[in-house]
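These notes concern the structure reproduced below.
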Ligand code: SF4
């Protein structure tokens, strides 16, 4: 049997979501080809001989691209069985089936792909109408195999790490866990994992790091939704990582609450080569944080900032800066807090223009208030549309997004873009016009920009 695994977009990483199932499927003795459409073309010669074509959709953008590509793939090969797997597959199941997708696999998908290949092989002709017998969401604990990265484009074709001194490092990517034990309402992981997470065995993670270091990686991104969901697993892993790869740096994502409850582990992160920690702050408005059920407040984040300064570790905060509860005043307050905390150099400008996305299955839809303002599900955008009750806020969002994109095209630095956004945010802020603070470049302390990936985080 010929299997083709396709990634459409994975935030500039060499896709773990292709490498891991590749290893599982090759063990069955089937032929596996991989295509990463972020850096490779969709070639007829790869697609035409496939019996099974499986798309990995770890994020919203990847799913939207897959939805556009699937009809083209169907034309190239009308007889192949089409599968979509990954975090965004189960919540979009009915939409995907409408596109002719026969198998949908979410959660711990490797075993499901193996079962699918066995089912299709047993049926002789892998017919397009074969009914799915694998669970759409599986949270079964898997014994992982070392991801097979052979056949994937080289690491230098992916996002790199920009260092504070202007240098660059080749980046590898792996996952030490999947899912999350928390239930934040706006998070796409929750409808699938429902408060559970699954560990990737330490020896598998280290072997995957080893193979990427051998392939030229000098920095590893651990893509776990929350690296401290399993603090013992994380603590043991970074010690082994550092003793074997003392020159290799890494970054992780950890929620604000865990940065406080597991604060004793932070020095170990610093001492084992962690260059920065991404943390989803989302908002400085405690009401929004409560609606999202983030389990932290504005004051908690201030404590985290202070602690990070104390121990000399860099933070990479992310936000949902435009929500239905954002006002002109609260947006200005958001920017003021960033300046006040001295975080301008820590924040990727795209974070000033992230608008709340309400995908299918979002727990936010359980709130009456939210159900009242969303429109009908938009199949093209793959989300529930919403408009702000104050049109000026939606205009502000559009303008900030344009400023951020323009800043990126013109090579502006983070401080310059921040000031542009600040100026725009204060333009029509009537209630605060009297107290409008002039902010100049000199008012934003010039700190060294923290190391950052050339492809910033977004959904
Ligand atoms: S802690 Fe992060 S990954 Fe976990 S549910 Fe909340 S937003 Fe999602």
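Residue numbers (my numbering): 531 to 989.
Backbone N, C-alpha and C define an ideal beta-carbon position, used for all residues, glycine too.
Quantities reported herein were computed from a predicted structural model and do not represent experimental measurements.
Per the DSSP secondary-structure output, residue 698 pairs in a beta bridge with 692.
Distance from the CA atom of residue 662 to the CA atom of residue 611, rounded to whole angstroms, is 11 Å. Judged by the Cβ position, residue 717 qualifies as a neighbour of the ligand SF4 at the 7 Å threshold, a heavy atom of the ligand being closer than this. At a Cβ-Cβ threshold of 8 Å, residue 566 and residue 682 count as neighbours. Residue range 720–723 is occupied by the alpha helix (DSSP H) that includes residue 721. DSSP places residue 554 within a helical segment (H, G or I) once states are collapsed to three. In the structure shown, the three-state DSSP call for residue 821 is helix. By the beta-carbon neighbour count (other beta carbons within 10 angstroms, threshold 16), residue 826 is buried.
At a Cβ-Cβ threshold of 8 Å, residue 621 and residue 889 count as neighbours. With a threshold of 7 Å, the Cβ atom of residue 887 does not count as near the ligand SF4, since no heavy atom of the ligand is closer than that. With contacts defined by Cβ atoms closer than 8 Å, residue 593 and residue 912 form a contacting pair. A distance of 8 Å or more separates the beta carbons of residue 841 and residue 805. Leaving aside the five residues that flank residue 904 on each side, the residues in its chain whose CB is nearer than 8 Å to its CB run, in chain order, 888, 895, 914, 915, 916. Secondary structure of residue 845 (DSSP, three-state): strand. Taking 7 Å as the cut-off, one finds at least one heavy atom of the ligand SF4 near enough to the beta carbon of residue 755.
Between residue 551 and residue 638, the C-beta gap is not smaller than 8 Å, which leaves the two residues out of contact. Residue state for residue 750 is assigned as strand, using DSSP reduced to three classes. Across the structure, residue 711 and residue 754 are spaced so that their CA atoms are roughly 12 Å apart. DSSP places residue 595 in the helix class (H, G or I) of the three-state scheme. For residue 635, there is no enclosing alpha helix (DSSP H); the residue is part of the beta strand (DSSP E) that begins and ends at 633–637.
If you draw a straight line from the Cα of residue 866 to the Cα of residue 831, it is about 15 Å long.
Between residue 934 and residue 879, the gap from beta carbon to beta carbon is short of 8 Å.
The shortest C-alpha to C-alpha distance from residue 758 to any of 746, 741, 798 is the one to 798. Below 8 Å, too few C-beta pairs join the segment 731–739 and the segment 569–582 to call them touching: fewer than three. For residue 542, the closest alpha carbon among the candidates 769, 606, 704 is that of 704. By the criterion of a C-beta distance shorter than 7 Å, residue 874 is surrounded in its chain by 868, 944, 945, 948, 974, once the five residues flanking it on both sides are discounted. DSSP lists no bridge partner for residue 922.
Relative to the ligand SF4, the beta carbon of residue 713 is positioned inside 7 Å of a heavy atom.
Taken from the Cβ of residue 720, at least one heavy atom of the ligand SF4 lies inside 7 Å. Considering only 630, 787, 649, 745, the residue with the shortest C-alpha distance to residue 531 is 649. The beta-bridge partner set that DSSP reports for residue 708 consists of 728. With respect to residue 557, residue 736 sits apart: the two C-beta atoms are not nearer than 8 Å.
Leaving aside the five residues that flank residue 810 on each side, the residues in its chain whose CB is nearer than 6 Å to its CB run, in chain order, 848.
Residue state for residue 668 is assigned as strand, using DSSP reduced to three classes. When DSSP states are grouped into helix, strand and coil, residue 952 belongs to the helix group. A Cβ-Cβ distance of about 7 Å is found for the pair residue 814 and residue 863, placing them in contact under the 8 Å criterion.
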